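For the sequence shown, position 15 matches number 28 in the numbering used here, and the numbering has no gaps at all. Ideal Cβ positions, reconstructed from N, Cα and C, are used throughout, including at glycine. It should be emphasised that the depicted structure is a prediction, and the values quoted were computed from it without experimental measurement.
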Amino acid sequence: MSKQSEQILEEQFVSQLQKLGYKYVSIKDEKALESNLKSQLEKHNHIQFSGSEFEKVLNILTKGSVFEKAKTLREKKHHIIRDNGDNLYFEFLNIEHWCQNEYQVTNQITQDGKYENRYDVTILINGLPLVQIELKRRGLEIKEAFNQINRYQKHSFGAGKGLFHFVQLFIISNGVNTKYFSNFGSHPQEFLQTFHWTDEQNNQLNNLTTEFTDAFLEPCHVSKMICKYIVLNETAKALMVLRPYQYYAVESIIKKVKENEILNGYNIEKNGYIWHTTGSGKTLTSFKASQILSNIPAIKKVVFVVDRKDLDYQTNREYDTFSKGSVSSATNTDDLIQKFKDPNVRIIVTTIQKLNNAISGRNISKMKPIQDERMVFIFDECHRSQFGDTHKNIVGYFRNIQLFGFTGTPILEKNSDGMKTTASLFGKCLHKYVITDAIRDENVLKFSVEYVQTFKQKEHIVDLKVEQINETEVYEAPERKEAIVDYIIQYHDQKTQSRNFCAMMCVQDIDSVIQYYEIFKRKKLNAEHNLKVTTIFSYAQNEEEMEERVAVQLNVAAEPQAEYGTLVIPHRRELLEKYVEDFNEIFGEKQSIKDTEGFYNYYNAVAKKSKHPKPEADILLVANMFLTGYDSKNLNTLYVDKNLQFHGLIQAFSRTNRILDKNKTQGNIVCFRNLKDKTDEAIALFSNKEAVAEIIVEPYEKYVEQFNMAVGKLMSIAPKVNSVDKLYSEEEQLEFIKSFRDLMRLLKKMGHYSEFTWDDLALNQDLFNGYSSKYQDLKDSINLKTNVQKTSILNDIDFELELIRRDTINVTYILQLLIKFSSKHGAKDKESIEKDIFNLLNTEVSLRSKRELIEKFIQESLPHIEDSDSIPEEFEKFWNIEQEKAMQELVNDENLYFEKTEKLIENYLFTEREPLRDELLSLRKDGKPSILKFKETGDRILNKIKDFIDTFVIGIVGD
């Protein structure tokens, strides 16, 4: 086809960019790109380069990886020696005044690498390609554009002088859905790392031409994103771009500070707090805010305050990851005072305890010189750390400061318990991004909450509400704890996907931690499990002895009581020392808690054992530690035997909701207490009243029950797969369609559960696929019927075929299988992959219309392809030839004008509006048919056009 809807979209998009101030320039290849780069750098720097001087500039540009080139781009001054021996200084990008750069747009640049690739739309800033946009036809998944960029990374971006390694941002769009992401270079990148842009109220701006372009690609804004809101991660050597809610939060803080550069005393109205849900990346947001604020000349210090020593260490490490040496962490109070006095230290990370010590007692006089300095304090987890005298001391001592807080769960009136709210200490909320926003944007996972009823009465399990029982007596019963541990041993592998993930268990108090640890330990010695359980808890130096009822339960895994005659009651510290010895034995370490430093070293060691990339511990057992501020992407399950509510509940649950990969579909919460009402109440408070259904999925067992009931109904209509062929009347067929459609809906929901297995269902997978084929055959047969017959009752039925269409199973997926097939040498391996391919072609909805052509490619073309990497390109050539043949066949069969038909298909794809019957009939060379044939002919042509699109457009990767 001469013109695809993708091309129309591209033309409209380029035109819109020109209206925004981009100058269009025609650049066909790398030589033209270099020539344009020379003229644009000369214009930007108000200089002229000779040919040999520009070669020196290109030498600077060609060095290094994507990450190193991002650094080169941001350097303030570059230097070369001119032909006459003079020094010449110039810049590639004006970082400080980001709007003062040269903006151009071009399209269809051809780059020769391993293969020749042609890129859709490129935004040039000062002649360098800094933003690359790849477009897809409407109706196609934008993930295909994402995959295409990954292919370009591999095949051509680094070709020649490697100027496309300067791309900072990628945009992918199909017109109605648009996302952006930073250039990860050679690092593997997941589609999960692509983001929607939004307005300040978190409404997505998805439409490329009516929403996204004006908001995101306006020259000053896209420059600001590149110059201020991309973080160069030193550890990963990768570029990280902020998400929209992070951008708006930082901008709101900067605005507040710039509006109040001269404070004239402390005023709460000049402060504010950021409410961003737990797991949404507050550390990166706070880092970027601190970094930008520290560059404002009026601000002498930015002080980032945490409320625990471990968070001090963690924050300093993470900040150092973003920019090495950018922050200074105080080791003790005296060190903190020195850092306050040092004008070269711009960003300080400290604990609130050290900060309070620095402005108390004998230290007051030492801090006197900086009491009036203009500073900004940023408080992490401000829902918990600023209550009491400390907050009062800080605002009472410093006279020229602003305070900003970050929290995922603010203290609001309802959860304040009569204490001060977050707003009463920090002023108004400057930006809000709640849990429902994060789940919608796929920035955090939903929770799957399971309530395990643990009280028995006779042979029946009874779910008793907390209020109806004597809490201590029932919850602390040793038999109950034994049963809970047995439950965890039985189901832990299922919850953690065969220990690919790890779990945390939070219990009521430290004594409960000890009891559970001892039960796990005894059962492990008895060979009942091989789980690696770690624990840590705090203790007082001169604490009271443990209650006897607790100590009695401990001797099960300790020395026999008979040896002593009387019960020896250990202190908690003694027990923790034993547990540290267990830890050392399991992991081959030499941890000790003999002093404070040793305790924190052990704390960090425990934390690492449940961290990404590969967790070594199976269960981290805690009372309060790690329930806030601990991020582990590999933690997917939380076992709860603890009373939780409001912010404490959301914080604890959120340990499980970090996005990792496609295998981590949800955060599993297993509650051994009835927290249903408390959970609903907390979700309503921290999102909105209607949010429970959005945040918590139905229990898996409920879907199994519904599915099996639906199977019974299906069997009453069609007891065997072949029984569908005997459903002659449309009424019978309609009953089958509705019944099987119910099964598809339920299966789609169950597929999100990690514990899903076909063994739980009353219909096995082979039978389901058999019914699925009949279901699709029925849909195909309805499409083939002419409309001469009476109107079918099945015509308006929505078959919902997307429910059995797997997102990843498309032509791209088949090509990947073919590449895998070609690289295998063993007959058995080849046979297995070939079986998978033909099975998919027979059962997958999106591939049925393409089955015959793909089989033809496999049989006729594939045997002659020697290089498996060239399969996608060879397939594309094959597909274009077949598409042209099919188009010619369509117009010949119906005697249509070729160009008019082509134009109508383009408009249909672009507008997503079915053509009118008059438009279809005007394509005929024979003119319009008789009135009797009018409807039949129009519908026949429309069906053929739809079939053509379904075969050659939907689900095919375009370039």
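Assigned secondary structure, residue i (DSSP; H/G/I helix, E/B strand, else coil)
i    : result
E576 : Any reading at E576 is ruled out, since the residue's pLDDT is 32, under 50, leaving its predicted position unreliable.
V92  : The residue asked about is misnamed: residue 92 is His in this sequence, not Val. Three-state result, H92: strand.
W288 : strand
Q161 : helix
S785 : helix
T964 : helix
S525 : helix
P382 : helix
Y716 : helix
R453 : helix
R754 : helix
K13  : No answer is possible for residue 13: it lies beyond the span of the chain, which begins at 14 and ends at 972.
N568 : Note that N568 scores 40 on pLDDT, short of 50, meaning its location in the model is unreliable and no value can be drawn from it.
D811 : Summary for D811: the model assigns pLDDT 44, below 50, so the residue's position carries little reliability; its value from the coordinates is reported in the next sentence. Note: D811 maps to coil in three-state DSSP.
M432 : coil
C684 : strand
P626 : coil
D722 : The question names Asp, yet the displayed sequence has Met at residue 722. Helix, per DSSP.
D654 : strand
I136 : strand
C112 : coil
H209 : coil
Q304 : helix
Y530 : helix
D125 : strand
S461 : strand
H505 : helix
Start and end residues, alpha helix (DSSP H) containing residue i
i    : result
T346 : T346 to K354
E81  : V79 to R87
K739 : Taken as a continuous stretch (DSSP letters only), K739 belongs to no alpha helix (DSSP H), as it is neither H nor E.
G661 : F659 to F666
Chain-order list of residues whose beta-carbon lies under 8 Å from that of residue i (same chain, five-residue window excluded)
i    : result
L7   : Shown here, the chain extends from 14 to 972; a query on residue 7 therefore has no answer.
L980 : Because the chain in this structure spans residues 14 to 972, residue 980 falls outside the shown range and cannot be described.
V27  : Y37, V118, N120 and V134
E602 : F596 and A618
H404 : L438
Sequence-distant residues of the same chain with beta carbon closer than 7 Å to residue i, five excluded per side
i    : result
K427 : L698
N139 : Q53, L54, H57, F105, L106, N114 and E115
N100 : H92 and I94
E274 : A311
E472 : In this prediction, E472 scores a pLDDT of 37, lower than 50, which makes its location untrustworthy; the coordinate-derived value is nonetheless stated afterwards. Result list for E472: empty, nothing under 7 Å.
W771 : N777 and Q778
S303 : V315, F317, I360 and I391
Cutoff 6 Å; reference residue i; Cβ partners in own chain excluding five residues on either side
i    : result
S48  : none
T964 : S862 and K863
L797 : Residue confidence is low: L797 scores 48 on pLDDT, short of 50, so the model does not pin down where it sits. No coordinate-derived value is stated.
K508 : T650 and N681
beta-carbon residue i near the ligand FMN non-hydrogen atom, thresh 7 Å
i    : result
V717 : Annotation note on the ligand FMN: not contained in the displayed structure, which lists no ligands.
Sub-8 Å separation of residue i and residue j beta-carbons
i    : j    : result
N114 : H59  : no
Q145 : F183 : yes
A620 : Q658 : no
N893 : N676 : no
P232 : L425 : no
V254 : M238 : yes
M380 : I350 : yes
E907 : K957 : yes
I414 : L368 : no
Where the beta strand (DSSP E) through residue i begins and ends
i    : result
C395 : No beta strand (DSSP E) contains C395, which DSSP labels as neither H nor E.
D644 : No beta strand (DSSP E) holds D644; DSSP gives it neither H nor E.
F550 : It is not in any beta strand (DSSP E) - F550 carries neither H nor E in the DSSP assignment.
M518 : C515 to V520
Y102 : N100 to F103
is_contact[residue i, chain C] using C-beta, thresh 8 Å
i   : result
E43 : In the displayed structure, chain C is absent; only one protein chain is listed.
* **4 or more residues per run - each alpha helix (DSSP H) lying fully within the segment 921-955** => If you keep only unbroken alpha helix (DSSP H) runs of at least 4 residues inside the segment 921-955, you get 930-934.
* Whole alpha helix (DSSP H) elements within the segment 32-62, 4-residue minimum -> Fully enclosed alpha helix (DSSP H) runs of 4 or longer: 43-58.
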